[in-house]
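Colleague: Encoded as structure tokens, here's the structure I'll be asking about.
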Amino acid sequence: MRNLILLAGTAALALAVPAAAEKGGKGGHGQGGGKPAKVEHGGGHGGGQQARAAKPAKAERHSFRAERPARAERHVRAERPQRVERRDFREERRAIRDERRHDTFVRRSGEERHDFRRVGRDVRRMPDFRPGEPRFGGFDRGCPPGLAKKGNGCLPPGQAKKLFARGQRIERDWFEGYRVPVAYQGFYQDTPDYYYNYDDDGYIYRADRGSDLISAIIPLLGGGFGIGQPLPAGYDAYNVPMQYRDDYYDTDESLYRYGDNAIYEVDPQSGMIEGIVALLAGDLNVGQALPDGYDAYNLPMEYRDEYQDDDDYNYRYADGNIYQVDAKTQMIQAIVEMLA
Amino acid sequence: MKRSLLAAVLLLAACGKEEAGNVSTSESNGAAPRATASGEQARTNLLQALGGSADHKTLANAVKAAGLTETLSGAQPYTLFAPTEAAFQKLPAGAADGLLAPEAKGRLVALLTGHIVPGVVTAADLGKAIERGKGKAQLATVGGSTLTFGKDGDALVVTDAAGGQARVTGAERLASNGVVHDVDGVLRGK
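Laid out in structure tokens, this is it:
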């Protein structure tokens, strides 16, 4: 009897799942269609993520891309020894590590001390602060940016960490000593038109060099992309990397959005971030050298029979893909499997 | 999708046969654990492995507070270096204060993602990598930091970005979406 019920249940599931899949629109028929959103780096929607690429932003990759030679030269370059570039990777990664070390525990563990310092700094540097003045547009009830976080009701719930608004004018010296985290500097480099700032609150701000008005706000994991917070502006379109689309597609119950090396589940009704469904490393890309940190074979069990390290090739997993790596040059040659 | 569907059906069948219940110890987002190529039945996922362990209550709470439950119960494979209760108790006084508060999510996510490595790295894989690397192997975490592994006798020792050391203790536990290694220290920036 139990078997009968079981069979019935299995059949029901088999019928129900394709229906749900169709409804949800596999590959992103929900919001935003099947095409990933193309947002310019630091683009004007407050996004600034490289939404199109399956691989997220990392300083190493960007600088690598910037150095990438024209197509005709690539072949020649590929045969050169990679030693110099490997060293560059290492130094950059070390810088990132050092900074994160500083970030995660020294600076952030003293939250109160930090707040105090920031408030002190902001107030000190705004001697001419006057409530209601246009330059403090987002805080028209007289809350200077640093004070807004102290729970005095100046900012709406969920926005407490976002201290500045788009279109707001900033003073450059408010951010003295608060440069963009190293991991993001490759993506958010100052240009003749724009400069970037970061204020430890989980957002990078892009400001117009001429007017000092904030033209983009780039949210970061754990800051702008925090659980229980509203999805930041600029993420209306489905933008999940291709290899994850079979697992995470929009339905009536959940939307999925990619940003800052993670995929988030979002409640379509409230627009709130409900959970982080996948964390991406963002380190591996075909045509590049295998970065530090992939010394160990790490394939999921079910792929180990098929792809084993040998004298010619190594295989490494990251971000839903299995990559084939040349054992001698340590160059990433190809994606041999997309797991989803 | 076909594969997920097949896995879901297999899982349902397996649960039915085993009177269900004994698999689910914690919440799950319903993502279908992947059946192995050999047809072996999917095991518990990483989140369930944590939830079922009396020695990881603090970590399980932290994972929940950070919003990472779906990451650890989803289909993507991760290697989790799981600090035990004793590891949390070894933290200096005040270091973990307020970490579970809503406003500390950024710090908490940063701390936890420093314990998660993409893919499935078993103790044997680490051992081989250490041998190949002449006593040292590095793993990049999804949080952006790098963990360095070495051996002390037979024991695996991990050094975090700040130079702090912890030992990998106990046996590894394979899950449907990764592997859990217990560590006797919290890995952190400093």
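If you're matching them up, the sequences are chains A and B in order.
The opening position of the first sequence corresponds to residue 403 in my numbering, with each subsequent residue numbered one higher.
The opening position of the second sequence corresponds to residue 144 in my numbering, with each subsequent residue numbered one higher.
Positions of the beta carbon are idealized from the N, C-alpha and C atoms, including for glycine.
Keep in mind the model is a prediction, meaning the values are calculated, not measured.
1. Taking all protein chains shown into account, do 16 or more other C-beta atoms lie within 10 angstroms of the C-beta of R611 (chain A), making it buried, or fewer, making it exposed?
2. In the segment 259–270 of chain B, which residues sit with their C-beta less than 8 Å from some C-beta in chain A, listed in chain order?
3. Assign A247 (chain B) to buried or exposed, taking buried as 16 or more other Cβ atoms, counted over all protein chains shown, within 10 Å of its Cβ.
4. Run the CB neighbour count on Q671 (chain A), radius 10 Å, all protein chains shown included, and call it buried at 16 or more, exposed below.
5. Along chain A, which residues have their Cβ under 9 Å away from the Cβ of A283 (chain B)?
6. I want to see whether chain A comes within less than 8 Å of G276 (chain B), judged by CB atoms only; does it?
7. Under 6 Å Cβ to Cβ from R526 (chain A), same chain only, skipping five residues before and after it: list those, please.
8. Verify the CB distance criterion: does I678 (chain A) have a CB-CB separation below 8 Å to chain B?
9. At the 8 Å Cβ level, is G210 (chain B) part of the contact set with chain A, yes or no?
10. Residues of chain A with CB under 9 Å from P245 (chain B), in chain order?
11. Mark D712 (chain A) as exposed unless 16 or more other C-beta atoms lie within 10 angstroms of its C-beta, in which case mark it buried.
12. How about L681 (chain A) and N700 (chain A): are their beta carbons less than 8 Å apart?
13. Under 8 Å, Cβ to Cβ, is there at least one residue of chain D near M703 (chain A)?
14. Does DSSP put I273 (chain B) in a helix, in a strand, or in coil?
15. Pull the bridge partners of A618 (chain A) from the DSSP assignment, please.
16. Assign N188 (chain B) to buried or exposed, taking buried as 16 or more other Cβ atoms, counted over all protein chains shown, within 10 Å of its Cβ.
17. Go ahead and label A683 (chain A) buried or exposed: buried means 16 or more other beta carbons lie within 10 angstroms of its beta carbon, across all protein chains shown.
18. In angstroms with no decimal places, state the Cα-to-Cα distance between T201 (chain B) and A729 (chain A).
19. For E213 (chain B), decide whether its Cβ has a neighbour in chain A, counting only Cβ atoms nearer than 8 Å.
20. Leaving out five residues before and five after V738 (chain A) in sequence, what residues of the same chain have Cβ atoms less than 8 Å from its Cβ?
21. Take the Cβ of P261 (chain B) as the centre, count every other Cβ of all protein chains shown within 10 Å, and call the residue buried at 16 or more, exposed below.
22. Do you know how far the Cα of Y715 (chain A) is from the Cα of H84 (chain B)?
23. Using a 10 Å radius around the Cβ and a threshold of 16 neighbouring Cβ atoms, would you call E493 (chain A) buried or exposed?
24. As an exercise, report each continuous alpha helix (DSSP H) stretch of at least 4 residues that is fully enclosed by the segment 234–297 of chain B, in chain order.
25. Just confirm the distance between the C-beta atoms of V263 (chain B) and V322 (chain B), as a whole number of angstroms; I'd bet it's less than 8 Å.
26. Counting pairs of beta carbons, one from the segment 301–311 of chain B and one from the segment 273–290 of chain B, are three or more of them closer than 8 Å?
27. DSSP three-state call for Q591 (chain A): helix, strand or coil?
28. Determine the chain A residues that contact V301 (chain B) at a beta-carbon separation under 7 Å, and present them in chain order.
29. Is the Cβ of G249 (chain B) closer than 8 Å to any Cβ of chain A?
30. Does the distance from the C-beta atom of P643 (chain A) to that of Y660 (chain A) stay below 8 Å?
31. What residue range does the beta strand (DSSP E) around L223 (chain B) cover?
32. How many Å lie between A267 (chain B) and K277 (chain B) at the Cα?
33. Measure the CB-CB distance between I259 (chain B) and Y221 (chain B) and report whether it falls below 8 Å.
34. Grouping DSSP H, G and I as helix and E and B as strand, with all else coil, what is E749 (chain A)?
35. Which chain B residues are close to L615 (chain A), counting only those with a beta carbon under 8 Å from its beta carbon?
Modeller: Judging by the given coordinates:
1. Burial call: exposed.
2. I259, V260, P261, G262, V263, V264, D268, L269
3. buried
4. exposed
5. R495, A683, D685, P693, D694, G695, Y696, A720
6. yes
7. With a pLDDT of only 34 at R526 (chain A), under the threshold of 50, the placement of this residue in the model should not be trusted; the figure read from the coordinates follows. So no residue of the chain qualifies.
8. Yes, I678 (chain A) lies at the interface with chain B (some Cβ there is under 8 Å from its Cβ).
9. yes
10. Result: G628, I629, G630.
11. exposed
12. no
13. Here the protein chains are A and B, and chain D is not one of them.
14. Of the three classes helix, strand and coil, the one that applies to I273 (chain B) here is helix, per DSSP.
15. A:R608
16. buried
17. buried
18. 41 Å
19. So yes, E213 (chain B) belongs to the interface.
20. For V738 (chain A), where only same-chain residues beyond five positions count, the Cβ hits under 8 Å are Y709, Y717, I724, Y725, Q726.
21. buried
22. Outside the shown range of chain B, which is 144 to 333, sits residue 84 (chain B), and nothing can be said about it.
23. exposed
24. Entirely contained in the segment 234–297 of chain B, the alpha helix (DSSP H) runs reaching 4 residues are, in chain order, 248–256, 266–275.
25. 5 Å
26. yes
27. coil
28. Per Cβ cutoff of 7 Å: no residues; V301 (chain B) is ~12 Å from chain A at best.
29. yes
30. Cβ atoms of P643 (chain A) and Y660 (chain A): closer than 8 Å.
31. 221–226
32. 15 Å
33. yes
34. An answer regarding residue 749 (chain A) cannot be provided, because it is not within the stretch 403 to 742 covered by chain A.
35. Chain B residues near L615 (chain A): none, gap ~26 Å exceeds 8 Å.
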